[in-house]
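Scroll down for the structure; my scribbles are underneath it.
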Amino acid sequence: MGAVTSKVRLYDLAKELKIDTKRLIEDVRREGVDVSVPSNSISKELAERIREKYFPKKDVTLKRAVKVVKKAARPVVEEAPPPVEEEVAEAIVTPEVEPIVIQEPEPIPPAPSQVVRRLAPAVRAEKPAPPTPTISQPEPPQTAAPAATAASEPAVATRVEPVAAPSRQVRVLRPTAAAINAGIRPGERLPEPPPGTPSTRVRERAGRSRVEYAGTPGETATPQTTYIPPPDAGRRKSRRGSTRNAKRAEGKGSKFDREFIPPPPVLTLEQRIAGRLETPATSGELKAVRIVEGSTVKEFAEKLGIKPKDIVALLLQRGVFATINQALNDEVAAELGKRFGYDVSFVPFEEMVAEEEFEELIAADVDDVEVPRAPVVTVMGHVDHGKTSLLDAIRTTNVVAGEAGGITQHIGAYSVEVPNPDNHDEKRRVVFLDTPGHEAFTLMRARGAKATDVVVLVVAADDGVMPQTIEAIEHARAAGVPIVVAINKIDKPDANPNRVRQELTQQGLNAVEWGGDTEMVDVSAKKRENLETLLETILLTSDILNLKASTTRLASGVVLEAKLDRGRGAVATALVQQGTLRIGDPFIVGQIFGKVRAMFNDRGEQVTDAGPATPVEVLGLQGVPQAGETFQVVADVTRAQQISHHRQSVERQRTLVKTTKRGIEALGETEVKELLVIIKADVQGSVEVLKSTLQKMSSERVKVKVIRSGVGAITESDVLLASATQASASSSAVVIIGFNVRPESRAGDLSKQENVDIRLHSIIYKVEEEIKAAMIGMLEKIEKEKILGKADVRETFRVPRVGVVAGCMVVDGIMKRNARARLIRDGVVTWEGNIASLRRFKEDASEVREGFECGIGLENFNDIKVADQIECYVIEKVAATEL
3 MGAVTSKVRL
13 YDLAKELKID
23 TKRLIEDVRR
33 EGVDVSVPSN
43 SISKELAERI
53 REKYFPKKDV
63 TLKRAVKVVK
73 KAARPVVEEA
83 PPPVEEEVAE
93 AIVTPEVEPI
103 VIQEPEPIPP
113 APSQVVRRLA
123 PAVRAEKPAP
133 PTPTISQPEP
143 PQTAAPAATA
153 ASEPAVATRV
163 EPVAAPSRQV
173 RVLRPTAAAI
183 NAGIRPGERL
193 PEPPPGTPST
203 RVRERAGRSR
213 VEYAGTPGET
223 ATPQTTYIPP
233 PDAGRRKSRR
243 GSTRNAKRAE
253 GKGSKFDREF
263 IPPPPVLTLE
273 QRIAGRLETP
283 ATSGELKAVR
293 IVEGSTVKEF
303 AEKLGIKPKD
313 IVALLLQRGV
323 FATINQALND
333 EVAAELGKRF
343 GYDVSFVPFE
353 EMVAEEEFEE
363 LIAADVDDVE
373 VPRAPVVTVM
383 GHVDHGKTSL
393 LDAIRTTNVV
403 AGEAGGITQH
413 IGAYSVEVPN
423 PDNHDEKRRV
433 VFLDTPGHEA
443 FTLMRARGAK
453 ATDVVVLVVA
463 ADDGVMPQTI
473 EAIEHARAAG
483 VPIVVAINKI
493 DKPDANPNRV
503 RQELTQQGLN
513 AVEWGGDTEM
523 VDVSAKKREN
533 LETLLETILL
543 TSDILNLKAS
553 TTRLASGVVL
563 EAKLDRGRGA
573 VATALVQQGT
583 LRIGDPFIVG
593 QIFGKVRAMF
603 NDRGEQVTDA
613 GPATPVEVLG
623 LQGVPQAGET
633 FQVVADVTRA
643 QQISHHRQSV
653 ERQRTLVKTT
663 KRGIEALGET
673 EVKELLVIIK
683 ADVQGSVEVL
693 KSTLQKMSSE
703 RVKVKVIRSG
713 VGAITESDVL
723 LASATQASAS
733 SSAVVIIGFN
743 VRPESRAGDL
753 SKQENVDIRL
763 HSIIYKVEEE
773 IKAAMIGMLE
783 KIEKEKILGK
793 ADVRETFRVP
803 RVGVVAGCMV
813 VDGIMKRNAR
823 ARLIRDGVVT
833 WEGNIASLRR
843 FKEDASEVRE
853 GFECGIGLEN
863 FNDIKVADQI
873 ECYVIEKVAA
883 TEL
């Protein structure tokens, strides 16, 4: 049993020391014992020695032989006591047999350096022992240090290890100034650094110094020490230079006394981007940046000088998933630009194309050649004042004959050759735009005023200034174009041109003959009087403007009208304002992209090109554009298609947001009747007019909502949409309005099957009247009270199990049983309810007429007194007559 207890298994010892068994096996093999597996056993003495290597006991003398060699070259200053009375400093056990240089307090002058030869190799330890040597305290009368005393004579102990380790010089440990000031005595440690403060240690290896972070247990760290990497920490120093610097630092004694520099703050993504910008944002100053609408993330980043991936990362932080080729929202782009010091403004694609074209001309040092162009004259005025008749007289063609009810409902663009006032043998071209005068066509008049150079205001000499006359004056002033007044119908007996001039003076138009600046000409379109004078005045006014345009630039202009033709598809009436439009040119107009397939002038002749101030019909559009939008020929077809798709996407998003918002706002509101309308017209301008006119007719009780609008004939798709909408909306009615169009044959049959109402009109008055009647028909019937008769109470009777019965005389009308009644006492309504019983003598009666007596019992009411009056009435429901 004794043999068993004197052994210790390796895995038990490793578990006790909390080290790996492989490491323990290596340590045991260094002690000269052959072991191979953790289940092997060793003696208790060897286990105790291994324990002391990992956990050395304090105040225990060294068990290994240490030979202290005294240098012969240095004399001994004072004699030391016998060596048996002194304790030799305990050897420092460190990993990789490297002595650790520390500083210890020294109460006496420094002793001469000694050389210590270690005969045994150090044992690798998992937890290094404390590097501070344990030195016994000397007696009070003695003044010599223990290390100096021990160095006076060599002390030799019994060798434990058979193999001697190579000799190594050990630097004498000296106290630091901080330790002396702190009053640290020999054998004591400096105070531990506060939590969070990194400690350092210096290792000497091969003549080089290295500062390491985070000290290990047992080391003495300087509290003021902070690790600061040198500026050239990444470069490799030579051995010579490193040694020299180390010696210089040791000489100054400031190797650890370095200033604390806090680590650089962690920058956000936006701060890193702002730091890389060439022109960083200053406080209160924003650099203006112009960006074309629908720019992609890549284009936006290039404008700001930022990497596209950084913009993608910023968008991702905001929850927006976008690629570099995806269009950027205008609001998001403006916000990002402001964060980096840019005032982002968005310009239309057409404007950016023109600017880039000018920049190319400037870069090429080429002048833009401009040539005189024909004036564009818009004829405006009140309805039925003779605008079309005047234009007809100028063109010498019968334009007015084909209009319904004498009302112009389209913009007509005509190119007319007129005599030159300077040379009657020459002809000059003038472009006339005929606009509607009806009050519903405000948008058309506004578009005509914007696209014109001169406005001819037609005023009837018999009617004078009318509402649409004033509106035309306002449009012309808003467009900033000169006005020439044509006082028409002077051939009528009741014509009074001077009265017209006086009324125009109230609107700010003063005739030239009255000392003003507005040209006014008296004309008669019917008898063609003074037409040459009017044309001469128009040409002189346009000559003053010095109208010129370039024929070499990319063509641009405005769409006056658009329609859907069965054989030709989408057709747009366009007025070219700059450049020359040619067949094959790709262009963009609003949300529609197209390529010119064919062009026709106002006389229906096919042309191959159209210069400035030329109205033409253009074929080749992918859809019907909105009237009044500008068109721009582009060189980059792909870019134009991208802009077109972007605008369509924005419009869909806007419509969706508007629909969602309306649905949210409708929560909790009373149900409102809706009249759903599908509008189909011959031209886009009429569609806009009808749409705006019908939407203005909405009231609080009935809303008019246009669910579809377009040009062309009424198709099956329109009928199916109306049928589906009518089936799903119980409180709505659906009607299809066809303006100057007819339904297809199959669409007409389908409308009868689906019971869809289709109304066809050619005059806008009729459309308004019919829609108003439909809205009134949708209103609920109005409750109206009708008085039937009155009876005075002459006497009261109390009947068992019935209550009080009033004996009455009918003084007016009739009294009906089960009718509504109210009891009036002293002119105040005391009770209101139903008549429970009505009797004539002892028999029940359905009604009692005026002049007869009767007994009346009121429902659940007995407080009837003599002289009260009972009024009988009924509630009738009648149809509403107004909105």
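Under this note's numbering, read the sequence shown as residues 3 to 885, first letter to last. All C-beta atoms in this analysis are idealised placements derived from N, C-alpha and C, irrespective of residue type, glycine included.
How many Å lie between Leu825 and Asn864 at the Cα?
Taking the sequence shown and counting its residues from 1, one reaches residue 825 at position 823. Taking the sequence shown and counting its residues from 1, one reaches residue 864 at position 862. Rounded to the nearest angstrom, the two C-alpha atoms are 11 Å apart.
Inter-stretch contact (C-beta, 8 Å, three-pair minimum) for the region 829-839 and the region 789-797:
The region 829-839 vs the region 789-797: no contact.
For Asp519, which residues of its own chain have a beta-carbon under 8 Å away from its beta-carbon, when the five flanking residues on both sides are left out?
As a position in the sequence shown, residue 519 is number 517, starting the count at 1. Sequence-distant Cβ neighbours of Asp519 in its own chain, meaning closer than 8 Å and more than five residues away, are Asn512.
In chain order, what are the residue ranges of uninterrupted beta strand (DSSP E) at least 3 long that sit wholly in the region 680-728?
The qualifying runs are 704-713.
Is the beta carbon of Ala724 closer than 8 Å to that of Pro745?
Along the sequence shown, read from residue 1 onward, the residue named residue 745 stands at position 743. Along the sequence shown, read from residue 1 onward, the residue named residue 724 stands at position 722. In this structure, Pro745 keeps its C-beta atom at 8 Å or more from the C-beta atom of Ala724.
I think Ala462 touches Gly510, with their Cβ atoms under 8 Å apart; what is that distance to the nearest whole Å?
Taking the first residue of the sequence shown as position 1, residue 462 is located at position 460. Taking the first residue of the sequence shown as position 1, residue 510 is located at position 508. So it is not a contact: roughly 20 Å between Cβ atoms.
Given this structure, state the Cα-to-Cα distance separating Ala574 from Ser526, to the nearest angstrom.
Position 572 of the sequence shown, counted from the start, is the residue given in the question as residue 574. Position 524 of the sequence shown, counted from the start, is the residue given in the question as residue 526. Approximately 33 Å between the Cα atoms of the pair.
Which of helix, strand or coil DSSP assigns to Ile872:
Residue 872 sits at position 870 when you count from the first residue of the sequence shown. The answer is strand: DSSP assigns Ile872 an E or B state.
If you draw a straight line from the alpha carbon of Val674 to that of Gln697, how long is it in whole angstroms?
Translated into the one-based positions of the sequence shown, residue 674 becomes position 672. Translated into the one-based positions of the sequence shown, residue 697 becomes position 695. Cα to Cα, Val674 sits roughly 15 Å from Gln697.
Based on Cα-Cα distance, which residue from Glu372, Val561 and Ser651 lies nearest to Leu330?
Taking the sequence shown and counting its residues from 1, one reaches residue 330 at position 328. Taking only the C-alpha atoms, the option nearest Leu330 is Ser651.
Tell me which same chain residues have a C-beta within less than 7 Å of the C-beta of Ala683, skipping the five on either side of it?
Taking the first residue of the sequence shown as 1, we reach residue 683 at position 681. Annotation for Ala683: Val689, Leu692, Val713, Phe741, Asn742 and Val743 place their beta carbon closer than 7 Å to its own, counting only its chain and skipping 5 residues before and after.
In the DSSP assignment, what residue or residues form a beta bridge with Pro374?
Position 372 of the sequence shown holds residue 374. Beta-bridge pairing links Pro374 to Lys550.
According to DSSP, what are the bridge partners of Leu623?
If you number the sequence shown from 1, residue 623 lands on position 621. DSSP lists Gly596 as the bridge partner or partners of Leu623.
Considering only the alpha carbon of each residue, which of Asp496, Gln755 and Leu26 lies closest to Ile52?
By one-based count along the sequence shown, residue 52 stands at place 50. The residue from Asp496, Gln755 and Leu26 with its alpha-carbon nearest to that of Ile52 is Leu26.
If you measure between the beta carbons of Ala808 and Val876, is that distance less than 8 Å?
Working through the sequence shown from its first residue, we reach residue 808 at position 806. Working through the sequence shown from its first residue, we reach residue 876 at position 874. No.
Candidates Ala600, Arg710, Lys783 and Val706, of which the one nearest Glu770 by Cα
On the sequence shown, position 768 is the one that residue 770 refers to. Among Ala600, Arg710, Lys783 and Val706, the Cα nearest to that of Glu770 belongs to Val706.
DSSP has His763 in a bridge; who is on the other side?
To locate residue 763, count along the sequence shown from 1; it is residue 761. According to DSSP, His763 bridges with Phe741.
Chain D beta carbons: is any one of them nearer than 8 Å to that of Gly517?
Any reference to chain D falls outside this structure, which holds one protein chain only.
List the whole-angstrom C-beta distance separating Thr349 from Arg292, where the pair is believed to meet the contact cut-off of C-beta under 8 Å.
Here the question's residue 349 lines up with position 347 in the sequence shown. Here the question's residue 292 lines up with position 290 in the sequence shown. Looking at the sequence provided, one finds Val at residue 349 rather than Thr. About 5 Å; that satisfies the 8 Å criterion.
Exposure label - Thr325; buried when at least 16 CB within 10 Å:
Indexing the sequence shown from 1 puts residue 325 at position 323. With fewer than 16 other Cβ atoms within 10 Å, it is exposed.
Could you check if Leu19 is buried or exposed, using at least 16 other CB atoms within 10 Å of its CB as the buried criterion?
As a first step, residue 19 must be located in the sequence shown, where it is residue number 17. Burial state of Leu19 is buried, judged by a 10 Å Cβ sphere holding 16 or more other Cβ atoms.
Is it true that the CB of Ile21 sits closer than 8 Å to the CB of Val35?
In the sequence shown, counting from the first residue as 1, residue 35 sits at position 33. In the sequence shown, counting from the first residue as 1, residue 21 sits at position 19. Taking 8 Å as the Cβ cut-off, Val35 and Ile21 do not qualify as a contacting pair.
Could you tell me whether any non-hydrogen atom of the ligand COA is closer than 7 Å to the CB of Gly809?
What this structure holds is no ligand at all, so the ligand COA is not there to describe.
Phe302, enclosing alpha helix (DSSP H) - first and last residue
Here residue 302 refers to the residue found at position 300 of the sequence shown. Segment Val299 to Leu306, the alpha helix (DSSP H) holding Phe302.
Helix, strand or coil for Ser8 per DSSP?
Working through the sequence shown from its first residue, we reach residue 8 at position 6. DSSP places Ser8 in the coil class of the three-state scheme, outside both helix and strand.
Less than 7 Å between C-beta atoms, sequence neighbours within five positions excluded: which residues of the same chain meet that for Asp524?
For the purposes of this step, residue 524 is taken as residue 522 along the sequence shown, with counting starting at 1. Taking Asp524 as the centre and dropping the five residues before and after it, the same chain places the C-beta of Ile489, Ile492, Pro499 and Asn532 closer than 7 Å to its C-beta, in chain order.
Please report the straight-line C-alpha distance between Met382 and Leu762, rounded to a whole angstrom.
On the sequence shown, residue 382 is found 380 positions in, with the first residue counted as 1. On the sequence shown, residue 762 is found 760 positions in, with the first residue counted as 1. As the crow flies, the alpha-carbon of Met382 is around 28 Å from that of Leu762.
Close-in-space but distant-in-sequence residues of the same chain around Glu756 (CB under 7 Å, 5 per side omitted)
Numbered from 1 along the sequence shown, position 754 holds the residue referred to as residue 756. Val721 and Ser725, listed in sequence order.
Between the Cα of His477 and those of Asp567, Thr380, Asp465 and Leu566, spot the shortest distance and give me the residue it belongs to.
Position 475 of the sequence shown, counting from 1, holds the residue named residue 477. Selected option, being the one with the closest Cα: Thr380.
Assuming contact is defined by CB atoms lying nearer than 8 Å, are Met811 and Arg800 in contact in what I supplied?
Residue numbering aside, residue 811 sits at position 809 when the sequence shown is read from its first letter. Residue numbering aside, residue 800 sits at position 798 when the sequence shown is read from its first letter. Annotated as distal: Met811 and Arg800, with beta-carbon spacing of 8 Å or more.
Exposure label - Glu873; buried when at least 16 CB within 10 Å:
Taking the sequence shown and counting its residues from 1, one reaches residue 873 at position 871. Classification for Glu873: buried.
In terms of DSSP beta bridges, what is Thr798 paired with?
In the sequence shown, the residue the question calls residue 798 occupies position 796. Thr798 is bridged to Ala808.
With a threshold of 16 other CB atoms inside 10 Å of the CB of Ser747, please say whether the residue is buried or exposed.
Within the sequence shown, numbered from 1, the residue matching residue 747 stands at position 745. With fewer than 16 other Cβ atoms within 10 Å, it is exposed.
To the nearest whole angstrom, what separates the beta carbons of Ile540 and Val458, a pair I think is in contact under 8 Å?
Translated into positions along the sequence shown, residue 540 becomes position 538. Translated into positions along the sequence shown, residue 458 becomes position 456. Right, the Cβ-Cβ distance comes to about 7 Å (below 8 Å), so this counts as a contact.
When the Cα of Val635 is compared with those of Glu619, Thr582 and Val618, which residue comes out closest?
The residue given as residue 635 occupies position 633 in the sequence shown. For Val635, the closest C-alpha among the options Glu619, Thr582 and Val618 is that of Thr582.
Note the first and the last residue of the continuous alpha helix (DSSP H) segment covering Asn500.
Translated into positions along the sequence shown, residue 500 becomes position 498. Per DSSP, the continuous alpha helix (DSSP H) segment holding Asn500 begins and ends at Pro499 to Gln508.
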